[in-house]
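Novice: Following this message is one structure expressed as structure tokens.
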Amino acid sequence: MPDTTNQPSLVRRVVPAIGWLSAYRRAWLLPDVLAGLAVWAVMVPEGMAYASIVGVPPIMGLYTIVPPLIAYALLGSSRLLVVGPDTATGLISALTVGAIAAHGSAQFNSLTSTLAVLIGVFFLLFGVLRMGWMAAFIPAPVMRGFIEGLVWVTIIGQVPHLLGIEGAAGNFFDKLWSVLQHLPGASLAPVLTGLLSLIAMQLLRHLVPRVPAALIVAVAATIIVSLLGGEAAGVSVVGDLPSGLPHLVLPSFDPQILLELVPGALAIVLVGYAEALGGAKAAAQQGGGGVDPNQELIAHGPANVLSGLFGGFLVVGSLSKTSVAMSAGARTQVANLVAAVFCFLTLLFLTPLFRGMPHPALAAIVIAAMLHLSKPGQLRDLFVRSRWEFALAVIVFAGELTLGVLHGIALGVVLSLVMLIYRTTHPQGAALGQLPGTEAYRDVVLHPEATTFPGLLIWRPGGDLFFASIGHVGHGLKTALAVTRPPVRHVLFDAESVNMVDTTALDELSNVIRELQEQRITVAFARVRDQVRERMRLEGLEILVGPDKFYERVTDGVRAWQMAGSGREQSDRSN
Numbered sequence: 001m002p003d004t005t006n007q008p009s010l011v012r013r014v015v016p017a018i019g020w021l022s023a024y025r026r027a028w029l030l031p032d033v034l035a036g037l038a039v040w041a042v043m044v045p046e047g048m049a050y051a052s053i054v055g056v057p058p059i060m061g062l063y064t065i066v067p068p069l070i071a072y073a074l075l076g077s078s079r080l081l082v083v084g085p086d087t088a089t090g091l092i093s094a095l096t097v098g099a100i101a102a103h104g105s106a107q108f109n110s111l112t113s114t115l116a117v118l119i120g121v122f123f124l125l126f127g128v129l130r131m132g133w134m135a136a137f138i139p140a141p142v143m144r145g146f147i148e149g150l151v152w153v154t155i156i157g158q159v160p161h162l163l164g165i166e167g168a169a170g171n172f173f174d175k176l177w178s179v180l181q182h183l184p185g186a187s188l189a190p191v192l193t194g195l196l197s198l199i200a201m202q203l204l205r206h207l208v209p210r211v212p213a214a215l216i217v218a219v220a221a222t223i224i225v226s227l228l229g230g231e232a233a234g235v236s237v238v239g240d241l242p243s244g245l246p247h248l249v250l251p252s253f254d255p256q257i258l259l260e261l262v263p264g265a266l267a268i269v270l271v272g273y274a275e276a277l278g279g280a281k282a283a284a285q286q287g288g289g290g291v292d293p294n295q296e297l298i299a300h301g302p303a304n305v306l307s308g309l310f311g312g313f314l315v316v317g318s319l320s321k322t323s324v325a326m327s328a329g330a331r332t333q334v335a336n337l338v339a340a341v342f343c344f345l346t347l348l349f350l351t352p353l354f355r356g357m358p359h360p361a362l363a364a365i366v367i368a369a370m371l372h373l374s375k376p377g378q379l380r381d382l383f384v385r386s387r388w389e390f391a392l393a394v395i396v397f398a399g400e401l402t403l404g405v406l407h408g409i410a411l412g413v414v415l416s417l418v419m420l421i422y423r424t425t426h427p428q429g430a431a432l433g434q435l436p437g438t439e440a441y442r443d444v445v446l447h448p449e450a451t452t453f454p455g456l457l458i459w460r461p462g463g464d465l466f467f468a469s470i471g472h473v474g475h476g477l478k479t480a481l482a483v484t485r486p487p488v489r490h491v492l493f494d495a496e497s498v499n500m501v502d503t504t505a506l507d508e509l510s511n512v513i514r515e516l517q518e519q520r521i522t523v524a525f526a527r528v529r530d531q532v533r534e535r536m537r538l539e540g541l542e543i544l545v546g547p548d549k550f551y552e553r554v555t556d557g558v559r560a561w562q563m564a565g566s567g568r569e570q571s572d573r574s575n
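Each residue of the sequence shown is one higher than the last, beginning at 1 in my numbering.
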């Protein structure tokens, strides 16, 4: 008979909703319903507004909401994270599909949904392969620079819609120049609609942050423009939207097209996953519960596949929408299921109400959201904390403005990997001294008060010893030997920082030890980890140094050297 003992735990792991539903409390229902209404009030206007970032009709923004909310509610490991349309990944989607099809064409809309399906497949594949660690490839400075650059790239792309003027393609500066050229010809009605909507968004966010500012501005702008005849005065509106549920949209299976979509899809998965995981962790810190990085990948898979199959575009976890849910009192994913139900009803019955929604108001919603994402204070803090990481963030920011979004994030990831390789291959070795009155040993450069011992060099390699780092470590050791006075007669390696050693490093280290022994300099080791000591034994280095020259503590190695020195002095006196 098949073993079924682990089936319940496997099902709970694949469908985390089973766990929190079984422990659901009746007292949570009202807060979840109210939070679901708040999420609905934000996602409907924002979904339509973010569709303009992706480059598709507003109705596709509504198609994007329901299936992902349901899929993530069942499969996500976070009890509070909200998935939905996103600005950062939405712009990458527009650039990726725009390289294949013309904006506004039926092919563009179809390929946008195809891209969502492809993104979902990658999410699911990476989750099954348990590749949740890949978010580490976008460090915080790169993400900060990327978001700051994205804010201004997105804003300059929305300014033509905000002011009712003609836009242009190209990088940030091309679009800025186009705006300046067309600005004198802007009509008063769309300019007032856009600017007043933006001012209202900002005031509502600051004065009454708990109210759904996007919904209020969208409704108010629609009513006012309709009453004042703004459409006749040149204010562009959404127009007729189809009512009812979306039809199944089959993705394109053209291998050539899929191949062209792959780079953008992978970039979106990497950026979107880092953003979603950050949002899920923030929600877990405030609302309790845990987050499984690999399960987050799996949950984002069906969410994107279903969105694409039902005519929507990509989705990722959103910290801003999650914050709305948490501030409204959400306890579980029931809030997202409630939001999905109301969005479903919106598709069935309420889409005619959005016909007169002005495009300048939608642009204002997007711009307000981007301004909310901008955190220049974090860049200032980064400048104080690390000039190198600040420079990295600035390079990514400048790269986005000049080269484009995809090239900017790619540049940031490449530079991060280069810095990682450099730091790994250049461990910070240090000569150590004993802090007065303790058995602690610290870098004598950073702690001038630390006591050193004449004739003894306590050396810390500073990192793992492998083929790419051993040369730098050896050079650092020889430099320390050359500048230490009086001349060194004994080297004690503090190997606590060494977690791994390979054959190349062991061979080079053996050569260094032989050179030292030829100069009548003895060698010992302290705090060597078991796996490293075993490699040393197998490679013969333990015999070269002497098995009795390995100590559990640095203090033990120092005392052994002092006792050996006392023995030599007594022998010299007796002679």
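Note that beta-carbon positions come from the ideal geometry of N, C-alpha and C, so glycine has one too.
1) Could you check which residue in LEU392, VAL554, ASN511, GLN562 has the C-alpha nearest to that of GLY540?
2) Can PRO184 and VAL235 be called in contact, C-beta distance under 8 Å?
3) For the beta strand (DSSP E) containing TYR441, name the first residue and the last one.
4) State the start and end residues of the unbroken beta strand (DSSP E) segment that holds VAL316.
5) Quick one: what's got a C-beta closer than 6 Å to PRO576's C-beta in the same chain, skipping five residues either side?
6) Can you name, in chain order, every residue of its own chain whose Cβ lies under 8 Å from the Cβ of GLY19, other than the five neighbours on each side?
7) What are the start and end residues of the beta strand (DSSP E) that includes PHE525?
8) For MET131, is the beta carbon positioned less than 7 Å from some heavy atom of the ligand PLP?
9) Taking the beta strand (DSSP E) that ARG460 falls in, what are its first and last residues?
10) If you measure between the beta carbons of ALA214 and VAL42, is that distance less than 8 Å?
11) Can GLY264 and SER93 be called in contact, C-beta distance under 8 Å?
12) Going by the beta-carbon positions, is the gap between THR114 and GLY312 smaller than 8 Å?
13) What number of angstroms, rounded off, separates the C-alpha of SER374 from the C-alpha of ALA168?
14) Starting from GLY84, follow the beta strand (DSSP E) in both directions and report where the run begins and ends.
15) Return the chain-ordered ranges of every beta strand (DSSP E) run that is complete within the stretch 493-545 and spans a minimum of 3 residues.
16) Within 10 angstroms of its Cβ, does GLY557 collect 16 or more other Cβ (buried), or is it exposed?
17) Which residues in the same chain have their Cβ closer than 6 Å to the Cβ of ALA233, if we skip the five residues on either side of it in sequence?
18) Distance check for VAL414 and ARG529, CA to CA, integer angstroms please.
19) With respect to the beta strand (DSSP E) encompassing GLN333, which residues constitute its N-terminal and C-terminal limits?
20) Measure the Cβ-Cβ separation of PHE123 and GLY408 and say whether it is below 8 Å.
21) Could you say which of ALA364, PHE493, THR112 lies nearest to LEU204 if we only look at CA atoms?
22) Give, in chain order, every unbroken run of the alpha helix (DSSP H) that is at least 4 residues long and sits entirely within the stretch 77-155.
23) Kindly indicate which three-state DSSP category TYR72 falls into: helix, strand or coil?
24) Where does THR451 sit, in a helix, a strand or coil, going by DSSP?
25) Where does GLN596 fall in DSSP's three states?
26) Thinking C-alpha only, which one of PRO293, LEU29, PRO352, ASN499 is nearest TRP133?
27) Using DSSP with H/G/I as helix, E/B as strand and the rest coil, what is PHE550?
28) Going by alpha carbons, who is nearest to VAL83 out of SER243, VAL66, GLY98, VAL97?
29) Exposed or buried, what is GLU296 when buried is set at 16 or more other beta-carbons lying within 10 Å of its beta-carbon?
30) Determine the contact status of THR346 and VAL44, defining contact as a CB-CB distance below 8 Å.
31) In three-state DSSP terms, what is PRO16?
32) May I have the straight-line CA-CA distance separating LEU516 from THR451, to the nearest angstrom?
33) Can you tell me where the beta strand (DSSP E) with GLN428 in it begins and where it stops?
34) Using the three-state DSSP reduction, which class does GLY264 fall into: helix, strand or coil?
35) Who are the Cβ neighbours of PRO58 in its own chain at under 6 Å, not counting the five residues just before and after it?
36) Nearest by alpha-carbon distance to GLU275: which of GLU260, PRO251, VAL315 is it?
Specialist: Looking at the coordinates:
1) For GLY540, the nearest C-alpha among the options comes from ASN511.
2) Contact: no.
3) Segment 441-443, the beta strand (DSSP E) holding TYR441.
4) For VAL316, the enclosing beta strand (DSSP E) stretches over residues 316-318.
5) Absent from the model: residue 576. The displayed extent of the chain is 1 to 575, so no value can be given.
6) For GLY19, the CB contacts under 8 Å within the same chain, skipping 5 residues up- and downstream, are ARG12 in chain order.
7) From DSSP, the beta strand (DSSP E) with PHE525 extends over 522-526.
8) This structure lacks the ligand PLP; in fact it carries no ligand of any kind.
9) Counting along the chain, the beta strand (DSSP E) containing ARG460 begins and ends at 456-460.
10) Yes, the pair counts as a contact, with Cβ atoms nearer than the cut-off.
11) Closer than 8 Å, so yes.
12) For THR114 and GLY312, no; Cβs fall outside 8 Å.
13) Whole-angstrom Cα-Cα distance: 24 Å.
14) Element bounds for GLY84: 82-84.
15) Fully enclosed beta strand (DSSP E) runs of 3 or longer: 522-526.
16) Under this definition GLY557 is a buried residue.
17) ALA189.
18) Put simply, the backbone Cα of ARG529 is about 33 Å away from that of VAL414.
19) DSSP places GLN333 outside any beta strand (DSSP E), giving it a letter other than H or E.
20) The Cβ atoms of PHE123 and GLY408 do not sit closer than 8 Å to each other.
21) When each option's Cα is compared against that of LEU204, the closest is ALA364.
22) Entirely contained in the stretch 77-155, the alpha helix (DSSP H) runs reaching 4 residues are, in chain order, 87-98, 106-128.
23) Looking at TYR72 - three-state DSSP - the assignment turns out to be helix.
24) Looking at THR451 - three-state DSSP - the assignment turns out to be strand.
25) This structure does not reach residue 596, given that the chain is present from 1 up to 575, and the question cannot be answered.
26) Among PRO293, LEU29, PRO352, ASN499, the Cα nearest to that of TRP133 is on PRO293.
27) Reduced to three states, the DSSP call for PHE550 is strand.
28) Measuring from the Cα of VAL83, the nearest candidate turns out to be VAL66.
29) Burial call: buried.
30) Pairing THR346 with VAL44 gives a Cβ-Cβ distance under 8 Å.
31) Reduced to three states, the DSSP call for PRO16 is coil.
32) Using only the alpha carbons, I get a separation of about 24 Å.
33) Looking at the DSSP string, GLN428 is not in any beta strand (DSSP E), and its letter there is neither H nor E.
34) Of the three classes helix, strand and coil, the one that applies to GLY264 here is helix, per DSSP.
35) Excluding five sequence positions before and after PRO58, the CB atoms of its chain that fall closer than 6 Å to its own CB belong to MET48, ALA51, VAL238, given in chain order.
36) VAL315 is the residue among GLU260, PRO251, VAL315 whose C-alpha sits nearest the C-alpha of GLU275.
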